[in-house]
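Report on one structure; see the data block that follows.
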Amino acid sequence: MASHRIRGNSNIIPVFLDTNAIFTIFEYSLNLESELTRLLGSFNIKIPVAVSQEIEIIRKRGKGKQKKLAKPALQFIKRYPIWDHPDYKNADDALLHEAGKVNAVVFTNDIDLRNRLKEKRISRIFLRGKHQLVLEK
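Residue 72 in this note's numbering sits at position 72 of the sequence shown, and the numbers go up by one each step.
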């Protein structure tokens, strides 16, 4: 259950998830909504369509741990709105540009994307250790 359903709709922070972040949730058995509530209070999770497509490709063609995690990841993302981003070539570009427009926080463990987000002064969430999410503003 998303935090905004419990606390009302004031100051809801949009949170965009990257593909590796979704896999992290399953790899380390994170309670995403609990962690996001701890960090942000009220939030609203959204998934870029390119992330959904990447996970589907991994489910079909991937190998090892990621392929195994792809099926529960696809089930997980069905719980949240998936937004299309026809103006961008890939999920990273969509996350970077759209997060800046709506003052969203991006959950990613991709160091290159984190650095690009930091340059644009977009807040980031990432995994520190194996069980704790950290918010970087």
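In this text, a Cβ means the ideal position worked out from N, Cα and C, and glycines have one as well.
If you're wondering where the values come from, they're calculated on a predicted model, not measured in any experiment.
Check your understanding: Given that a residue counts as buried once 16 or more other Cβ atoms are within 10 Å of its Cβ, and exposed if not, what is asparagine 11?
Key -> exposed
Practice item. Please name the residue or residues paired with leucine 96 in a DSSP beta bridge. Key: Its beta-bridge partners do not exist; DSSP assigns none.
Practice item. Kindly indicate which residue of Phe16, Ile55, Val49 and Gly41 has the alpha-carbon position closest to the one of phenylalanine 23. Key: Ile55
**Study point:** Helix, strand or coil at lysine 68 according to DSSP, with G and I counted as helix
**Key:** Helix, per DSSP.
**Study point:** Close Cβ partners of tyrosine 28 (< 8 Å) along its chain, the five nearest in sequence each way excluded
**Key:** Its chain contains Leu127, Lys130 and His131 as the residues whose beta carbon lies nearer than 8 Å to that of tyrosine 28, once the 5 sequence neighbours on both sides are disregarded; these appear in chain order.
Practice item. Provide the residue span of the beta strand (DSSP E) that contains leucine 40, from first to last. Key: Per DSSP, leucine 40 belongs to no beta strand (DSSP E); it is in the alpha helix (DSSP H), 32-40.
Exercise for review: Report the rounded CA-to-CA distance for asparagine 115 versus valine 134, giving the unit in angstroms.
Suggested key: Separation of asparagine 115 and valine 134 (C-alpha to C-alpha, rounded to the nearest whole angstrom) is 15 Å.
Exercise for review: Would you give the residue range spanned by the alpha helix (DSSP H) that asparagine 115 belongs to?
Suggested key: 111-119
**Study point:** Minimum C-alpha distance to aspartate 92 - residue among Lys63, Gln53, Lys60 and Leu74
**Key:** Nearest C-alpha to aspartate 92: Gln53.
Practice item. With DSSP collapsed to three states, give me the class of lysine 130. Key: coil
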